[in-house]
Amino acid sequence: MTQTISRIPFRAQPSVIPGFGLTLGLTVFWLSLIVLVPLSSLFLKSATLGWDAFWAAISTPRVVHALRVSFSTAAIAAGINTVFGLIVAWVLVRYRFPGRRIVDALVDIPFALPTAIAGIALTTLWAENGWLGALLAPFGIKVAFTPAGIVIALIFIGLPFVVRTVQPVLEDFEREAEDAAESLGANPWQVFTKVIWPSIMPATLTGMALAFARALGEYGSVIFIAGNLPMKSEIAPLLIVIKLEEFAYAEATAIAVTMLIASFILLLCINILQRWAERRERRR
Amino acid sequence: MNALFSIAADQRREIVSARRKTGRAALIAIALAFLGLFVVLPLLLVFLQAFAHGWEAYVEALTEPDAVSAIQLTLITAVISVPLNMVFGLVASWAITKFEFRGKSFLITLIDLPFSVSPVISGLVFVLMFGLQGWLGPWLRDNDLQIIFAVPGIVLATVFVTFPFVARELIPIMQEQGTLEEEAAFTLNASGLQTFWYVTLPNVKWALLYGVLLCNARAMGEFGAVSVVSGHVRGLTNTMPLHVEILYNEYNFVAAFAVASLLAMLAIITLALKTLLEWKLSRDRAPDSAPAGD
Chain A
1 MTQTISRIPF RAQPSVIPGF GLTLGLTVFW LSLIVLVPLS SLFLKSATLG WDAFWAAIST
61 PRVVHALRVS FSTAAIAAGI NTVFGLIVAW VLVRYRFPGR RIVDALVDIP FALPTAIAGI
121 ALTTLWAENG WLGALLAPFG IKVAFTPAGI VIALIFIGLP FVVRTVQPVL EDFEREAEDA
181 AESLGANPWQ VFTKVIWPSI MPATLTGMAL AFARALGEYG SVIFIAGNLP MKSEIAPLLI
241 VIKLEEFAYA EATAIAVTML IASFILLLCI NILQRWAERR ERRR
Chain B
285 MNALFSIAAD QRREIVSARR KTGRAALIAI ALAFLGLFVV LPLLLVFLQA FAHGWEAYVE
345 ALTEPDAVSA IQLTLITAVI SVPLNMVFGL VASWAITKFE FRGKSFLITL IDLPFSVSPV
405 ISGLVFVLMF GLQGWLGPWL RDNDLQIIFA VPGIVLATVF VTFPFVAREL IPIMQEQGTL
465 EEEAAFTLNA SGLQTFWYVT LPNVKWALLY GVLLCNARAM GEFGAVSVVS GHVRGLTNTM
525 PLHVEILYNE YNFVAAFAVA SLLAMLAIIT LALKTLLEWK LSRDRAPDSA PAGD
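One line per chain: the protein sequences are A and B, in this order. For the first sequence, counting from 1, position 111 maps to 111 in the numbering used here; every step adds exactly one. Convert by adding 284 to the 1-based position in the second sequence; the result is the number in the numbering used here.
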């Protein structure tokens, strides 16, 4: 039985509801037209390059450095967002305080605020004569126009992910387990590491991976604050734009495909993480 | 003995609750400081900078011709791309949630794809297709059509970037509602469109509205993808975010933040409506759980 089904893909189960062929057909058509065909043009273009040209394009010191800057700043920002995201999620779920609803809504600002606006605002804040930059300048700390600035922008961009993935799990968490651990003499740290952490870990990792993936491709907020010095504070997406402006389409494509493959691997990891979390949830 | 024991327990509870209170205050303080530093301060700065030279400078920055044409282009882009994605979102979530078929989760992954692609790459794919060196470039040039560095390219890139928004909001809620109500409508001889209009749509209206709002905020604010395909022709192919970039790079900070403040306002209104919709949604759901009276 399963074999006959597997031989006929996209077959609807019998249903009285009409419109299956029409809606699925339209969906697949529109998806192909807007997303799949344009994306495949990227892979077709890189296929016409050949392996040697592809490798030559992504192994120049400038490209390697830009990729390294992108990956390392995204990783640092995702790490910081994980720690603070957990705290924010915890505070929003467990504590009641005036203005909690507004704080909860504020978490979504990085999703709704255009990236370019975030970029110019953060740059103005952290520049040497800005509100925050001026506080750090006497200590010789420069944030804007250095890789540290990139991290600041990426923290802003990735801020909602860990909060929004952990929040629902924490809301469903049964507090009896905590109370039981406490009455057995566990201290708060033990309660957190031994009881709470195991059940929120998959969601936390998913949020971290989402924040990392978003940070990796981010462009708008970073280019203002980064300073964009080649071999110093240049990110990979910016290098794609620079290559495009030089009409070096082949090189731009090679960098783009490299980054796209990285985000597909991340997407795969996120899917596996979510399946794992679902399986654990069902076992409990 | 018993009394002694209960005193010890009381003391312990007191110590624990005191510790809890400090822990609670500390965690709230950390969370508020983090959000204040990274979210509230930048938002506040946008408005303070926009009005740094007073109301007149603000109005002037928004009414000069290049700003007006940028605002117009942003509105045109949103007016085309948001309804397209709304219709697609409704059609796709109907197919996905009302029927069972193989490859469904793969289809959902494909719909979500634009979320995981860098905005720059989203623009690049259209340059590779329609640019002068692209697959269709020579044909477009021979027929005197321009997509890249023109308005159609901006609209295409925006549709790509905002593609998943509506479908993503609708799929979970339509999944939850199942197909029972629709099946009942069909046994009562309702037509497909009637069922959609009178049964499905009222059930998902708030989720749909929220998806449309988010889609609109992103469509108006998209920077990376649009920047790659626009060509930055002042007064012609500059959207609001691109206009902000140019003003900022010209050190015209007051004007840059004035235009930026409009987009920041849009973000705040979007989130305020979202909070309102969530409240409505939870209120709409509440009567279901209560015993049916009539």
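Note that the Cβ used here is the ideal one computed from N, Cα and C, for glycine as well. Since we're looking at a predicted model, the values are computed, not measured.
Would you decide whether Lys-489(B) is buried or exposed? Buried here means 16 or more other CB atoms lie within 10 Å of its CB.
exposed
Name, going along the chain, the residues of the region 400-411 of chain B whose beta-carbon falls closer than 9 Å to a beta-carbon of chain A.
Ser-400, Val-401, Ser-402, Pro-403, Val-404, Ile-405, Ser-406, Gly-407, Leu-408, Val-409, Phe-410 and Val-411
Between the region 36-56 of chain A and the region 265-278 of chain A, do at least 3 Cβ pairs fall closer than 8 Å?
no
Where does Gln-417(B) sit, in a helix, a strand or coil, going by DSSP?
coil
Min CB distance Ile-455(B) to chain A below 7 Å
no
Over the uninterrupted alpha helix (DSSP H) stretch that includes Tyr-532(B), give me the two end residues.
Looking at the DSSP string, the run of the alpha helix (DSSP H) that includes Tyr-532(B) is 524-533.
To the nearest whole angstrom, what separates the beta carbons of Pro-110(A) and Phe-156(A), a pair I think is in contact under 8 Å?
5 Å
According to the Cβ coordinates, are Leu-477(B) and Ala-105(A) closer than 7 Å?
no
Any chance the region 150-169 of chain A sits against the region 222-240 of chain A, with 3 or more Cβ pairs inside 8 Å?
yes
Below 8 Å on the Cβ atoms is my guess for Ala-503(B) versus Ser-365(B); work out the distance and round it to an integer in Å.
5 Å between Cβ atoms; contact.
Is the CB-CB distance between Ala-277(A) and Pro-202(A) below 7 Å?
yes
Contact belief for Thr-521(B) with Ala-434(B) at Cβ below 8 Å, rounded distance in angstroms
6 Å
Contained alpha helix (DSSP H) runs [length at least 4] in the region 473-521 of chain B, N- to C-terminal order
476-479, 485-505 and 508-514
Find out if the Cβ-Cβ distance for the pair Tyr-219(A), Pro-403(B) is shorter than 7 Å.
With respect to the 7 Å criterion, Tyr-219(A) and Pro-403(B) are classified as neighbours on the basis of their beta carbons.
Under 7 Å, Cβ to Cβ, is there at least one residue of chain A near Gly-421(B)?
Contacts with chain A at 7 Å (Cβ-Cβ) do not include Gly-421(B).
Beta-carbon contacts of Pro-575(B) that lie in its chain and below 7 Å, excluding the five residues immediately before and after
In this prediction, Pro-575(B) has a pLDDT of 42, which is less than 50 and means its spatial position is unreliable; what the coordinates show is noted afterwards. Cβ neighbours of Pro-575(B) beyond the five flanking positions: none.
Taking only beta carbons into account, state which residues of the region 238-254 of chain A come closer than 9 Å to chain B, listed in chain order.
Leu-238, Ile-240, Val-241, Leu-244, Phe-247, Tyr-249, Ala-252 and Thr-253
Interface flag, Lys-45(A) vs chain B, CB-CB below 7 Å:
Closer than 7 Å: yes.
List, in chain order, every chain B residue whose beta-carbon is nearer than 7 Å to that of Arg-279(A).
Going along chain B, no residue has its Cβ under 7 Å from Arg-279(A), so there is no contact; the nearest lies around 15 Å.
Taking all protein chains shown into account, do 16 or more other C-beta atoms lie within 10 angstroms of the C-beta of Lys-305(B), making it buried, or fewer, making it exposed?
exposed
Beta carbon proximity, Trp-30(A) to chain B, threshold 7 Å
yes
How many whole angstroms separate the CB atoms of Val-605(B) and Val-510(B), which I take to be in contact at a CB cut-off of 8 Å?
Not covered by the structure: residue 605(B). The range shown for chain B is 285 to 578.
Less than 6 Å between C-beta atoms, sequence neighbours within five positions excluded: which residues of the same chain meet that for Leu-67(A)?
Only Ala-236 meet the Cβ criterion.
Within-7 Å CB hit, Leu-359(B) to chain A
Answer no: the Cβ-Cβ gap between Leu-359(B) and chain A never drops below 7 Å.
In chain order, what are the residue ranges of uninterrupted alpha helix (DSSP H) at least 4 long that sit wholly in the region 192-273 of chain A?
197-217, 220-226 and 236-245
Touching or not, the region 199-217 of chain A and the region 178-186 of chain A, by the rule of three or more beta carbon pairs under 8 Å?
With the cut-off at 8 Å, the region 199-217 of chain A and the region 178-186 of chain A do not touch.
Between Val-483(B) and Ala-215(A), what straight-line distance do the alpha-carbon atoms span, to the nearest angstrom?
41 Å
For Thr-446(B), which three-state DSSP category applies?
In this structure, Thr-446(B) counts as coil in the three-state DSSP scheme.
Three-state secondary structure assigned by DSSP to Arg-96(A):
coil
Per-residue contacts from Gly-515(B) into chain A (C-beta, under 7 Å):
The premise fails here: Gly-515(B) is roughly 10 Å from chain A at the closest Cβ pair, so nothing lies under 7 Å.
Which term fits Tyr-532(B), buried or exposed, when burial requires 16 or more other beta carbons within 10 angstroms of its beta carbon?
Buried.
Does the beta-carbon of Ile-286(A) have 16 or more other beta-carbons within 10 angstroms, so that it is buried, or is it exposed?
Summary: the structure shown does not reach residue 286(A), with chain A confined to residues 1 through 284, and so no result is reported for it.
Name the residue from Leu-113(A), Ser-72(A) and Thr-206(A) whose alpha carbon lies nearest to the alpha carbon of Leu-328(B).
With distances taken between CA atoms, Leu-328(B) lies nearest to Leu-113(A) out of Leu-113(A), Ser-72(A) and Thr-206(A).
How do the region 79-95 of chain A and the region 314-321 of chain B stand: do at least 3 beta-carbon pairs fall below 8 Å, yes or no?
yes
Report yes or no: do the region 125-144 of chain A and the region 182-197 of chain A share at least 3 C-beta pairs separated by less than 8 Å?
no
Spatial neighbours of Phe-414(B) in its chain, beta-carbon cut-off 7 Å, leaving aside the 5 residues before and after
Contacts found: Leu-420, Gly-421, Leu-424, Ile-431, Ile-432 and Gly-437.
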